[in-house]
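The sequence shown runs 509 to 824 under the numbering used here.
Backbone N, C-alpha and C fix where the C-beta goes; we use that ideal spot for every residue, glycine too.
Structure first, then comments.
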Amino acid sequence: MLGVVYKSTGSWYTVKATDGKFYECKIKGKFRIQGIKSTNPIAVGDNVVFEVEHIGDETVGIISEIADRKNYIVRKSVNLSKQTHIIAANLDQVFLMVTLNNPPTSTSFIDRFLVTSEAYHIPAILLFNKIDTYTEDELVEVKYMAALYREIGYTCLGISAITGKNVEEVKEMMKGKTSMFSGHSGVGKSTLINAIDQNLDLKTAEISQQHLQGQHTTTFAEMFDMDFGARIIDTPGIKGFGIVDMEKNEIGDYFPEFFKLKRDCKFNNCLHLDEPQCAVKEALEKDEVSWSRYRSYVQMVTGEEENYRIDIHHKK
Ligand SMILES: Nc1nc2c(ncn2[C@@H]2O[C@H](COP(=O)(O)OP(=O)(O)OP(=O)(O)O)[C@@H](O)[C@H]2O)c(=O)[nH]1
Ligand SMILES: [Mg+2]
Ligand SMILES: [Zn+2]
């Protein structure tokens, strides 16, 4: 049988077969040892082949094959720098949910996320959530950030999953597509999905007032079919976003505004660091390139991402 993985809990996979039914599946043993560096060989969104077996009165699917992926999003795994964790596969787009505070989302985190989505050629959209909670000063800051990323070419939208502000626009962008929702714990991913589909009742939880961070309420990635013809993937909050398998000299290409300038750099292998006649640094001096973006870039190229490897799905 053929199907698509809708949920993965590590050892069990919920697969929706072409007949529309859901099957609880396991992986055929040898799958795990095929030299895949990932901690999870199969992820939500994967197309798989499976056989149904009846063990007693239980029906279990055994996954024997996985189809080639159109794309996937990975992050580095906890404490195992060589290993990666595939968050989801075969995506049309990713929504990164951002909040200014409660919890805070740094531009460096946003930039790492965007670099990853550029590297995998997955369109990214920034949703600035909880705009119902911001003071006027904070709204100015959100607008500034949105303008910065819009200028680079990313779609940005201020929303409120609680009041419903601009939620219709989000739905509009999702139509006919498979979308993943990502962001720190507590930014409101599950709340937004509940607002998009009133039939869903995903678990959400308040921010810890002590740490101003989410409580890692969603623990597994899961895909849902929407009645307006869209598929949505809720994911657990991520802490950091270590960039995976990237050469120093390709990172700049995943900053679209740097990439555009690159041909004007004196050296065609310019890293935009200390090289003379670097078009990126010249643009930076003229404020045509953002300092926060450049700072994120330098962190990534000089390997300061070491700090970001601790990338934990906290257990409660
Ligand atoms: N005021 C306000 N609160 C919101 C909004 N969106 C979400 N929240 C609240 O933020 C808290 C966290 O929301 P969740 O939906 O659980 O966050 P999450 O991103 O799914 O978090 P994890 O599953 O832990 O990754 C809840 O108390 C929500 O009610 C919003 O637009 N405005
Ligand atoms: Mg959640
Ligand atoms: Zn340069």
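Own chain partners of residue i with C-beta closer than 6 Å, once the 5 adjacent residues on each side are dropped
i	result
residue 506	Absent from the structure is residue 506, since the part of the chain shown begins at 509 and ends at 824.
residue 800	615
residue 524	511, 512, 514 and 530
residue 794	none
residue 600	685 and 686
Span separating the alpha-carbon of residue i from that of residue j
i	j	result
residue 714	residue 608	16 Å
residue 740	residue 578	17 Å
residue 542	residue 530	Note that residue 542 scores 49 on pLDDT, short of 50, meaning its location in the model is unreliable; the coordinates nonetheless yield the value given after this. In a straight line, the C-alpha of residue 542 is about 27 Å away from that of residue 530.
residue 769	residue 616	21 Å
residue 764	residue 707	39 Å
residue 554	residue 751	22 Å
residue 655	residue 521	40 Å
residue 810	residue 757	11 Å
residue 517	residue 567	18 Å
residue 667	residue 594	28 Å
residue 716	residue 659	34 Å
residue 650	residue 804	18 Å
residue 671	residue 693	20 Å
residue 630	residue 582	12 Å
residue 680	residue 704	10 Å
residue 786	residue 775	8 Å
Any non-hydrogen atom of ligand 3 within 7 Å of residue i CB
i	result
residue 765	no
residue 788	yes
residue 793	no
residue 730	no
residue 783	yes
Residue closest to residue i, alpha-carbon to alpha-carbon, out of the options
i	options	result
residue 719	611, 562 and 556	611
residue 547	519, 617, 760 and 763	519
residue 621	748, 679 and 790	748
residue 746	606, 699 and 551	606
residue 722	730, 709 and 699	699
residue 731	565, 657, 689 and 574	689
residue 597	754, 687 and 762	687
residue 657	627, 675, 637 and 619	619
Closer than 7 Å: residue i CB and nearest ligand 2 heavy atom
i	result
residue 709	no
residue 698	yes
residue 671	no
residue 742	yes
residue 522	no
residue 725	yes
Cβ neighbours of residue i in the same chain (closer than 8 Å, five flanking residues each side left out)
i	result
residue 458	The structure shown does not extend to residue 458, since the chain is modelled only from 509 through 824, so no value can be given for it.
residue 788	760, 766, 769, 770, 773, 778, 780, 797 and 802
residue 639	647, 650, 666, 667, 668 and 673
Check: residue i C-beta below 7 Å from any heavy atom of ligand 1
i	result
residue 690	no
residue 705	no
residue 516	no
residue 668	yes
Residues near residue i by beta carbon distance below 7 Å, same chain, minus five either side
i	result
residue 733	739
residue 572	536, 557, 558 and 559
residue 842	Since the first residue of the chain shown is 509 and the last is 824, residue 842 is not available in this structure.
C-beta neighbour in chain D for residue i, strict 8 Å
i	result
residue 669	Within the model displayed, chain D is absent; a lone protein chain is all it includes.
Check: Curious, which full-length beta strand (DSSP E) runs of at least 3 residues does the region 588 to 659 contain?
Finding: Runs of the beta strand (DSSP E) inside the region 588 to 659: 588 to 597, 601 to 606 and 632 to 636.
Notebook entry, point to check: What are the start and end residues of each continuous alpha helix (DSSP H) run of 4 or more residues lying completely inside the region 777 to 811, in chain order?
Noted result: 787 to 793 and 799 to 809
Next item on the list: May I have a chain-ordered list of the alpha helix (DSSP H) segments no shorter than 4 residues that lie completely inside the region 695 to 770?
Entry: 697 to 704, 756 to 759 and 764 to 769
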